[in-house]
Structures are given as C-alpha cells and as structure tokens.
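Listed below in structure tokens is the structure:
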C-alpha cells in the first residue's frame, strides 16, 4: 500500500523530481503569536542539509517540487502526481509544557481530550507558531517529522499513527512546503531514532483511541 503525507497545490505536470525530501502539509496550531518578520529568517536546517543528512544515514529519498501548500485540501488537487499516503502533522503541548509531534493519516480522528490519555499526557492543546519555530525550526504549513532534526535538546516527543506505517512510501515536507519527499516507513523510523527521538506508535483514527502506546 502506498501512502503520501502532504498537501498539494497546482497541476501534476508542475512537479519536478529531485533528490530532496518532501512533506505532507497539515498543521493545526495557533499562529497568532508568530513574530513579525519570521518569514524572513533563514531556516536553522535547509532542505538541502536535511537531504544530505538522510543520505549520510544511508536513506534513499525522492523529492518533488511544487507550489507552496498550506492545507490538506490544497494537497488533494495533486495527489495523482505523487504516490503514497496523505498525512497530517499536529504540534501540541500539554499542561506540563511537554511538546508532542503527532503524525497520522489525514483522515485520522485525533480527539485531544481522549488522545492525551493514550500517550500518557494531560490537557493537550495546539502549540503556538513561536513554539514551533523555537523547538522544530519550521513555520506553520511546513510541519513534518523531519523537523526533529532541529530538536537537539530532545524537547519534543514524536507520536506516529500505527496505520500510517503500513503505507509505503510516506511523503513529508523537507522543512519547506514547496516540495515533498518520499521515504520508506522503515527509513522514517531510522531517521527518528538517529535523531534521538524514539517514537510512540499508537493505533488510532477510526474510533476514539483507547489503547496504550508502544515504543517503536
């Protein structure tokens, strides 16, 4: 089964195939406190540097260029051009100021008042754009599991939907939402572990989650 996690905008023939990682666009968060001028700040890690890092780990990826994508709805227009599963990325925080990056198929149900118990947290809410930049070094619209490359202090816990990992390849933004990178599910896990982020793998989506997470 193929899965691509991203949002697309434009015509399929506008894609170009490169060696850069790509991503799924689907971030829900409060962006009201985004500092002015943030869009002009350089990324702490560029897409090219990310791809070099993946290659150094022996991970093969394929990247497609496309117009910037900001919503899942935009991505649906170009799905025929890119094989794989479509995902959403949620950057959350809890009452203890623990940050969570939840990555799931786009139609997965994530009810925060239930989901917090599944991952052993409490009072989950969407984190701000300022926190996103501070901890993951990306802007709203470009949230991706690849962004943990910037979380060198290990402040963010990663949660992956179990059903998502059954798809191959998976597609995510390589830190910018104008490109999408395809990566094998097994290689995604390799990347996360190499960055010091052992993910929680949780089955959820169709029904409110009530099972306990397991380590990947």
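In full-length UniProt numbering, the protein residues as written are 1 to 216.
We put the beta carbon where it would ideally sit given N, CA and C, even for glycine.
Exercise. Name the residue from 201, 82, 106, 56 whose alpha carbon lies nearest to the alpha carbon of residue 64.
Key: 82
Self-check item: For residue 43, the first and last residue of its enclosing beta strand (DSSP E)
Solution: Segment: none, residue 43 is in no beta strand (DSSP E) and carries neither H nor E.
Quiz item: Going by C-alpha distance, which of 141, 197, 47 is nearest residue 100?
Solution: 197
Exercise. State whether the stretch 189-196 contacts the stretch 100-111, with contact taken as three or more CB pairs (one from each stretch) at a distance under 8 angstroms.
Key: Contact fails: fewer than three Cβ-Cβ distances are below 8 angstroms.
Self-check item: the stretch 83-103 / the stretch 164-175 touching (three or more Cβ pairs under 8 angstroms)
Solution: yes
Practice problem: Determine, using beta carbons only, whether residue 183 and residue 169 come nearer to each other than 8 angstroms. | Solution: Yes, the pair counts as a contact, with Cβ atoms nearer than the cut-off.
Self-check item: Contact check, residue 159 vs residue 195, beta carbons under 8 angstroms
Solution: no
Practice problem: Specify the secondary structure class of residue 163 as computed by DSSP and reduced to three states. | Solution: helix
Quiz item: For residue 66, does the three-state DSSP call read helix, strand or coil?
Solution: coil
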